[in-house]
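When you line the sequence shown up against our numbering, it's residues 1 to 56, in that order.
Below is one structure, written out as structure tokens, with a few remarks after it.
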Amino acid sequence: MYNLLKLMIEQKNYSTKEDLQHKIDVFYAVNRITEEQYLELTSLLNKEETPAEPIK
Numbered sequence: 001m002y003n004l005l006k007l008m009i010e011q012k013n014y015s016t017k018e019d020l021q022h023k024i025d026v027f028y029a030v031n032r033i034t035e036e037q038y039l040e041l042t043s044l045l046n047k048e049e050t051p052a053e054p055i056k
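This is the structure:
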């Protein structure tokens, strides 16, 4: 399950971040992923992309 969720995040294959975060929460709650995996997936999902500096 962890590998599938990680792949979805990396490929941005989800409708909304909130929806995927809810799924991650549920899998953690029912012990389908470990706490370490939960924290990693949540961090990956919430990682903000740094906007590129405009070229002058």
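Using N, Cα and C, we set each Cβ at its ideal position, and we do this for glycine too.
Residue i - containing alpha helix (DSSP H), residue span
i: Y38; result: E35 to N46
i: M1; result: Run containing M1: none; DSSP gives neither H nor E here.
i: V26; result: K17 to A29
Straight-line Cα distance separating residue j from residue i
i: S15; j: T34; result: 24 Å
i: N13; j: L41; result: 14 Å
i: N31; j: Y2; result: 11 Å
Counted within 10 angstroms of its Cβ, other Cβ atoms place residue i as buried (16 or more) or exposed
i: Q11; result: exposed
i: L39; result: exposed
i: L7; result: exposed
i: L5; result: buried
Residues near residue i in its chain [Cβ-Cβ closer than 6 Å; skip 5 each side]
i: Y28; result: Y38
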